[in-house]
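Note that the sequence shown covers residues 22 to 379 in this note's numbering. Taking it in order: structure first as structure tokens, then the write-up.
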Amino acid sequence: YKDVHPSALLAKSYSEVIDRAGIDASEVEDVVAGCVQQFGEQGINIARNAWLEAGLPIETPATTVDRQCGSGQQAVNFGAAMIASGVHDVMIGGGVEHMGHISFADSFSVMEEHGMAFSPELMKLYNLVPQGISAEMIADKWEIPRSELDELALRSHQKAHEATEEGRFEREIIPWRNNGDTYVTDQGIRPPDEGSAEKLASLKPAFKQDGKVTAGNSSQVSDGAAALLLMSAEKAKELGLTPRARIVDQTTVGVDPVMMLTGPIPATRKILERNGMKMDDIDLVEINEAFASVVAAWRRELDPDMDRVNVNGGAIALGHPLGSTGARLLTTLLHELERSDKETGLVTMCCGGGLGTG
């Protein structure tokens, strides 16, 4: 996507989800999309810009939200809440991030020119650190060895490669044509002949000299967009549509902003407790693999059956285009529930600033 504007990615996602559902675009009453780095090409309400770029009705409003890495899931959750409250009947939730064009380095450059996002007063209260250091802190607190982080990373690539070979992603991926070529698979997945435990073990720590977190056991920098069509049961019946899934519950939590990435632990517990469920009641889980230490700590606390977790790989193999990942995880979960004839799924994500979604 080197020569592709991020709004084009999101615009295509909007058009495709509407076309696949077979509805008139005018039925959509509002649009919410997640995006983390909202400046440059991703500034000035990219959710609306993409809608207009897609040639969709100007009467339909759209807004862009930032719940950090959980933005895409939050966009869907906001849409579901609006429908549940009776404000709207039809919405689209999604997200986008073009990290190839708008990188973390760019955000620091903007802050150098226009001032830091974190005020001196905030820094006095919390010694805020980069996410990579938070990932290291988690590994230390839960006494997670480097070998376990690499094992989770290798598992992610193996699962993603297997899923790709079996065509499990075909229904959820929009083919993208660029410069005469059509792309239908993720390029970051390492097949068995390219990825191994030995290669992962050879990588140097990325964030501190004696650390455990490497480029290999962290999520990939990538570009992407995703969108989901949300609708009330009554409206679906009126339009002659069969709902594919139901959003039963949603949550957000706040956690220590320095440790930062532990949000999936209380978010999962909150969802389970509120619905009178145990971990074994969840058929499939998609937890975002921002860093392998996040998943490892969550595994220690929740004791899930890992045969139900990220069964088609995760962000370490598939990438983590910040604002879109939550919507992509929900999409992947939906397709895998259908494919495996399961009923109940959970998506949970850690977020910058000490947040968690579920």
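We put the beta carbon where it would ideally sit given N, CA and C, even for glycine. For clarity, every value in this text was computed on a predicted model and none was experimentally measured.
Local conformation of residue i per DSSP, three classes
i, result
"Arg176", "helix"
"Ile154", "helix"
"His119", "strand"
"Asp202", "strand"
"Met103", "helix"
"Leu149", "coil"
"Trp163", "coil"
"Arg88", "strand"
"Met396", "Because residue 396 is not part of the residues shown, which for the chain are 22 to 379, the question remains open."
"Val57", "coil"
"Gly209", "coil"
"Ser124", "coil"
"Asn66", "coil"
"Asp40", "helix"
"Arg360", "helix"
"Pro27", "helix"
"Gly93", "helix"
"Tyr35", "helix"
"Leu262", "coil"
"Glu186", "helix"
"Leu77", "coil"
"Glu169", "helix"
"Glu191", "coil"
Identity of the residues DSSP links to residue i by a beta bridge
i, result
"Ala83", "Val52"
"Thr378", "Thr273, Met370"
"Val111", "Met252"
"Trp197", "Tyr204"
Whole-angstrom C-beta distance between residue j and residue i, which should lie under 8 Å
i, j, result
"Ala96", "Leu31", "Wrong, their Cβ atoms sit about 11 Å apart, outside the cutoff."
"Gly55", "Gly93", "4 Å"
"Asp339", "Val57", "According to the sequence provided, residue 339 is Leu. The question's Asp does not apply to it. Between Val57 and Leu339 the Cβ distance is about 17 Å, and since that is not below 8 Å, they are no contact."
"Val330", "Ile308", "6 Å"
"Gly61", "Asp127", "7 Å"
"Arg378", "Gly334", "First, the amino acid is wrong: residue 378 is Thr here, not Arg. The Cβ separation is near 20 Å, so there is no contact."
"Gly237", "Leu262", "Wrong, their Cβ atoms sit about 43 Å apart, outside the cutoff."
"Gly373", "Gln89", "4 Å"
"Asp270", "Ile286", "That pair is no contact at about 17 Å."
"Met103", "Asp51", "7 Å"
"Gly216", "His178", "5 Å"
"Ile337", "Glu310", "5 Å"
"Val86", "Val131", "No, Val86 and Val131 are not in contact; Cβ-Cβ is about 19 Å, not under 8 Å."
"Met300", "Asp324", "7 Å"
"Arg189", "Arg360", "6 Å"
"Val368", "Asn199", "Not a contact, Cβ separation roughly 29 Å."
"Leu73", "Ala46", "No, Leu73 and Ala46 are not in contact; Cβ-Cβ is about 12 Å, not under 8 Å."
Chain E within 7 Å of residue i, Cβ atoms only
i, result
"Tyr22", "No chain E is present in this structure, which holds just one protein chain."
Does the stretch 251–268 come close enough to the stretch 79–92 that 3 or more CB-CB pairs lie under 8 Å? Result no; under three Cβ-Cβ pairs closer than 8 Å.
Taking the runs of the beta strand (DSSP E) that are 3 residues or longer, which of them lie wholly in the stretch 279–356? Counting whole runs of 3 or more residues, the stretch 279–356 contains the beta strand (DSSP E) stretches 305–308.
Every unbroken alpha helix (DSSP H) inside the stretch 216–259 [4 residues or more]: Whole alpha helix (DSSP H) segments, 4+ residues: 218–222, 254–259.
Cβ contact (3+ pairs, closer than 8 Å) linking the stretch 139–146 and the stretch 205–213: The way I'd put it, the stretch 139–146 doesn't touch the stretch 205–213; fewer than three beta-carbon pairs between them come closer than 8 Å.
Counting Cβ pairs, one atom from each stretch, are 3 or more of them under 8 Å apart for the stretch 97–114 and the stretch 242–254? These segments touch.
Counting beta carbon pairs with one atom in the stretch 279–288 and one in the stretch 349–359, are three or more of them shorter than 8 Å? Judged by Cβ distances under 8 Å, the stretch 349–359 makes no contact with the stretch 279–288, as fewer than three pairs qualify.
Are at least three pairs of beta-carbons, each pair with one atom in the stretch 299–306 and one in the stretch 262–278, less than 8 Å apart? Contact between the stretch 299–306 and the stretch 262–278 is absent, because fewer than three Cβ pairs lie under 8 Å.
With a cut-off of 8 Å, do at least 3 Cβ pairs link the stretch 221–240 to the stretch 154–172? The stretch 221–240 is in contact with the stretch 154–172.
Report yes or no: do three or more beta-carbon pairs, one from the stretch 113–132 and one from the stretch 238–245, lie closer than 8 Å? Judged by pairs of C-beta atoms under 8 Å, the stretch 113–132 touches the stretch 238–245, as three or more such pairs exist.
Three CB pairs or more closer than 8 Å across the stretch 308–325 and the stretch 155–164: Yes, the stretch 308–325 is in contact with the stretch 155–164.
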